[in-house]
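Residue 230 in our numbering sits at position 224 of the sequence shown, and the numbers go up by one each step.
In this text, a Cβ means the ideal position worked out from N, Cα and C, and glycines have one as well.
All values reported here derive from a predicted model rather than from experimental measurement.
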Amino acid sequence: MNEFGWMTAVLSGIVAYWIPGLAYWIGSGKVGEPVRYSFRLKPLYRVFFAIFSAGLSWVVQWKLGTGWESWMATVLVWLLLVIALTDIWFFLIPDVVTYSGFFLFMSWRFFMDGTHVPVYLAGGFFITSGLSLVSWISRGLGWGDVKLVAMASWVIEWPQLLLSIWLATLSSMLHVTGRLQTRGRAAIREPLPFGPHLAVGMILSLLCGDMLRDWYGEQFLQFSCPVLVLSFL
């Protein structure tokens, strides 16, 4: 990793140190007191959070290089961390974050990579339209989650974006299973913030989306091909 990558990681750590306070300020202005315990006032926890964010940024720079794409991904990681905390603490994905990120990334994409704007626009439109339909029918997916996906669609290509939604669904299912094992049936009535799971899925898609997609494709073919052959026998 070159000197530029290390400088980006340090900058990300400095920014991330203030992310918990920013998330609390945004959430408390909309909702009031957090519904869950927060570590916004504990400097040691915030230092650990900053180190974690710096590590993510370092990996992003190592994976995507030091160009403007890696900067878009780094800023997206910062916004995802803010959204994850507000959703955990307040069950809120703030519009001020998703709308600001949406127009920032759209403008960035338009001026820096105008030839691929139709691809990102079409991919984001169809994916968010499908999620909007799911949200409207099931009432289980919040509109904040849909806006989060729309924001990220300008940074993450649509195959990785679909993968991130699949990973988020898998992560939330494991979360629910764990809560049922520890708390019993009472956990069914507890709300589940989906934003942190989407954030995890998007970060994994950014960092190792191609590898995960290839692995899943191999597993799918190994399972589906024998079933397809047997169906014709």
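Terminal residues of the continuous alpha helix (DSSP H) containing residue i?
i: G136; result: 123-144
i: E75; result: 74-96
i: D101; result: 101-118
i: K241; result: With the chain represented from 7 up to 239, any question about residue 241 goes unanswered, as that position is not in the structure.
i: V66; result: 49-70
i: G150; result: 149-158
i: L198; result: Unbroken run through L198: none, as it is neither H nor E.
i: V182; result: 164-189
Buried or exposed for residue i, going by 16 or more other Cβ atoms inside 10 Å?
i: Q187; result: exposed
i: I32; result: buried
i: P100; result: buried
i: H203; result: buried
i: T134; result: buried
i: T80; result: buried
i: V125; result: exposed
i: M13; result: exposed
i: V66; result: buried
i: I94; result: buried
i: F109; result: exposed
i: F54; result: exposed
i: S113; result: exposed
i: R115; result: buried
i: S76; result: buried
i: Y102; result: Sequence check: residue 102 is Val here, not Tyr. Looking at its Cβ environment, which holds fewer than 16 other Cβ atoms inside 10 Å, V102 is exposed.
i: L6; result: The requested residue 6 does not occur in the structure, where the chain is confined to residues 7 to 239.
i: L62; result: buried
With distances taken between CB atoms, is the gap from residue i to residue j smaller than 8 Å?
i: G136; j: F200; result: no
i: S178; j: L154; result: no
i: W64; j: A29; result: no
i: M208; j: S170; result: yes
i: A60; j: S34; result: no
i: A205; j: I57; result: no
i: F111; j: W68; result: no
i: L86; j: T92; result: no
i: G130; j: E163; result: no
i: L168; j: L210; result: no
Can you grab the Cα-Cα spacing for the pair residue i / residue j, in whole Å?
i: W84; j: I25; result: 8 Å
i: K48; j: F132; result: 42 Å
i: T104; j: M157; result: 6 Å
i: G190; j: T183; result: 10 Å
i: F117; j: E196; result: 44 Å
i: V152; j: Y51; result: 30 Å
i: L236; j: S106; result: Residue confidence is low: L236 scores 38 on pLDDT, short of 50, so the model does not pin down where it sits. No coordinate-derived value is stated.
i: T72; j: G27; result: 28 Å
i: Q166; j: S138; result: 19 Å
i: Y23; j: K36; result: 22 Å
i: S144; j: R185; result: 22 Å
i: F96; j: G150; result: 13 Å
i: C214; j: V123; result: 23 Å
i: L70; j: L212; result: 9 Å
i: G120; j: L176; result: 34 Å
Does any residue of chain C have a CB that is nearer than 8 Å to the CB of residue i?
i: G215; result: Absent from the structure is chain C; it holds one protein chain and no more.
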